[in-house]
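Start counting the sequence shown at 72; every next residue gets the next number (the working numbering).
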Amino acid sequence: MLVVNYRFKEGESPIEDKMRENHSKCLSVEKYPNNRMLGHREIVNGEAGKYVWQTYKEVYDIVIKIGNSIRACGVDEGAKCGIYGANCAEWIMSMEACNAHGLYCVPLYDTLGADAVEFIICHAEVSIAFVEEKKIPELFKTFPNSTKYLRTIVSFGKVTPDQREEVEKLGLAIYSWDEFLQLGQNKQFDLPEKKKTDICTIMYTSGTTGDPKGVLISNESIVTLVSGVKCVLDTMNEHLTAKDVYLSYLPLAHIFDRVIEEFFISQGASIGFWRGDIKLLLEDIAELKPTIFCAVPRVLDRVYSGLQQKISSGGLLKKTMFNVAYSYKQSNMRKGQKTGEAAPIFDKIVFSKVKQGLGGRVRIILSGAAPLATHIEAFLRVVTCSVVLQGYGLTESCAGTFVSLPHEFSMLGTVGPPVPNVDVCLESVPEMGYDALSDTPRGEICIRGKTVFSGYYKREDLTKEVLIDGWLHTGDIGEWQPDGAMKIIDRKKNIFKLSQGEYVAVENLENICGLVPDIDSIWIYGNSFESFLVAVVNPNKQALERWAEENGVSGDFDSLCENPLAKEYILGELTKVGKEKKLKGFEFVKGVHLDPVPFDMERDLLTPTYKKKRPQLLKYYKDIIDNMYQTVNKPRA
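Here it is, written out as structure tokens:
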């Protein structure tokens, strides 16, 4: 968006004509050279101060230097460039240099598991990597396997003599940021002309089992998505302008934040980076005063909990006033009044403090990556004095497929209608009882359009599983609403998506947990509104009684299953085997219920072939599951 020119074919569609028109006008740097582009908080005497900014022209000049330096290292068009670290200006500038020179930008991140960075470097054949200074030791852990491909390392900061020595022993080159910028000094490399179908990034996402999958995303996918988002906001009369400000804290290694930042850059708006500490996030918000705030449900859950706590501790008079204001405004919004018009007096005297808590200027809040609880969405729509939108998409669909409408209270609990640049249909799933042609259409959500990915890198087999006749099969079960919105109601396969956006393959986990000798059977469950897993366990009677005898715990088998010490013991054994098998952090079970009665067919919990009937298990243990989540979430005294 900052540097790249794309070729577009005339007359393909109105949206593509519009994209071509926008991109033929000029680059962002030509339109907004003196606008603030990238900002960070200045640290003075150990204290965070004001945001300091680089303009579009200043960033452009650095991007050109980075690109020349990359090419001076012998890295040419089509090569793979890794970027490893927290969001920062250097991340964006490195990415833009990749865009300019036709390199595949490959985000490297370790939340997919301890070995993910090494796997991604080797699988994508990354030859040059830009790395946050404090992540360099983590990168070194991939040696020597990654050095088969990796030849050049660039630190976003400095390089120590020991680091330089270790790298050079392996025949690699390593540069500090300032050193690297000097490499391309007095050198000029032509920018290759790129086609819209060219791949601009390989974004790795957690697979259902096994290794991460490399999602191939083209220039066209990102540009189409950005144009679609712009079209949606323009239709809502919520235009993004050069005056808007965005807080960059969601990982740039995920498609959600990546496309949002590309959108901001295309409009000449400003992006300020957080300091990387969730405890300091509200301070960064207060200083930056963003106008648009994107979040995953886990963050908005914390906002909601914090506000509820303040309301509860505010005294009877304040609570009463808040409740009256809330009821009045929500009632008007349900009648169709817009957020800013439903209760302007109450906004000023009651809800303005909430708005100030988000910096005072937020006008749009966008939630994505996982479902947002309906009661939290309703609450935020009322109290934040902002438009609250919930979106749905996959890495494979370039993040954006559906987005809710701002002033339609009837769309609460849904992800809204499709964005204008995709086709969507439901496909019946008869084995689960979902009929796409029934009066209430339900089925697997399938997506077609230019935002859909180009395939999984080096995994044609997996690509063929999900891309059928041009339709991306998402695995999510949706239900069309009468107003055209989509409601996500189930998963086609036994996979959970937790609130932080990570997928969990439950059958694989149950097989691993089943290695614990003290349990006979286990059913693991993950609520998409929570960030962790819980489980119902049938413990082995002899093993549990032996443990009780050895540890001086009395009681029969039934009472042992109720004993908190026994639950802690089983949880510890599950954790132990999880560590042995190198499970990812979000795959560990955090709460257990011990049921002395084995899962059986009499309670309709098993099939005749002893397979778990998961919907029935959830229905049977619903109260227990709810209680486990409440217990684990309860703050300790």
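Just so you know, even glycine gets a beta-carbon here, dropped at the ideal spot from N, CA and C.
- With a threshold of 16 other beta carbon atoms within 10 Å, residue 672 falls short and is exposed.
- The residue among 492, 559 and 676 with its C-alpha nearest the C-alpha of residue 439 is 559.
- In this chain, the alpha helix (DSSP H) harbouring residue 248 covers 248-254.
- When the Cα atoms are used, residue 146 and residue 199 turn out to be separated by approximately 8 Å.
- Within its own chain, the residues whose Cβ lies closer than 7 Å to the Cβ of residue 480, once the five positions on either side in sequence are excluded, are 404 and 405, listed in chain order.
- For residue 511, same chain residues with a beta-carbon under 8 Å away, outside a window of 5 residues either side, are 550 and 551 in chain order.
- Relative to the Cα of residue 361, the nearest Cα in the group 341, 530, 369 and 307 belongs to 341.
- Per the coordinates, the alpha-carbon of residue 689 lies some 32 Å from the alpha-carbon of residue 476.
- Per DSSP, residue 420 lies in no alpha helix (DSSP H) and is assigned neither H nor E.
- The three-state reading of DSSP puts residue 614 in helix, counting H, G and I together.
- Here residue 272 is bridged, per DSSP, to 176 and 288.
- Assignment of residue 433 by DSSP, reduced to helix, strand and coil, places it in the coil class.
- Distance between residue 158 and residue 456, taken at the CA atoms: about 28 Å.
- The Cβ neighbour count for residue 254, taken over all protein chains shown within 10 Å, is at least 16; the residue is labelled buried.
- Between the stretch 690-698 and the stretch 649-661 there are fewer than three inter-stretch CB-CB distances shorter than 8 Å, so the stretches are not counted as touching.
- Measuring C-alpha to C-alpha distances from residue 302 to each of 387, 473 and 150 identifies 473 as the nearest.
- Setting aside the 5 residues that flank it on each side, residue 290 is surrounded in the same chain by 77, 265, 267, 269 and 271, each with a C-beta closer than 7 Å to its C-beta; the list follows chain order.
- By the criterion of a C-beta distance shorter than 6 Å, residue 422 is surrounded in its chain by 454 and 456, once the five residues flanking it on both sides are discounted.
- In the assembly as shown, residue 203 is a buried residue. Its beta-carbon has 16 or more other beta-carbons within 10 Å.
- Rounded to whole angstroms, residue 364 and residue 312 show a C-alpha spacing of 15 Å.
- In the DSSP assignment, the residues bridged to residue 365 are 437.
- The beta-carbon separation of residue 557 and residue 486, rounded to 5 Å, stays under the 8 Å limit for a contact.
- Classified as buried, residue 615 has 16 or more neighbouring CB atoms from the shown chains inside 10 Å of its CB.
- Less than 9 Å divides the Cβ of residue 195 from the Cβ of residue 273.
- Judged by DSSP secondary structure, residue 193 falls within the alpha helix (DSSP H) whose first and last residues are 187-195.
- Around the CB of residue 288, 16 or more other CB atoms lie within 10 Å, so the residue is classed as buried.
- Cβ contact annotation for residue 139 (same chain, cutoff 6 Å, sequence separation greater than five): 255, 258 and 260, in chain order.
- A distance of 9 Å or more separates the beta carbons of residue 604 and residue 648.
- Fewer than three Cβ pairs drawn from the stretch 206-223 and the stretch 108-121 lie within less than 8 Å of each other, which leaves the two stretches out of contact.
- Distance between residue 685 and residue 597, taken at the CA atoms: about 12 Å.
- With a cutoff of 9 Å on beta-carbon distance, residue 577 and residue 663 are scored as not near each other.
- Contact check between the stretch 587-594 and the stretch 613-632: three or more CB pairs, one atom from each, fall below 8 Å, which counts as touching.
- 182 is the residue among 299, 327 and 182 whose C-alpha sits nearest the C-alpha of residue 283.
- Between the C-alpha atoms of residue 627 and residue 639 there is a straight-line separation of about 17 Å.
- When the five nearest sequence neighbours on each side are left out, the beta carbons in the same chain lying within less than 6 Å of the beta carbon of residue 517 are those of 496, 498, 542 and 544, in order along the chain.
- Beta bridge pairing from DSSP links residue 405 with no other residue.
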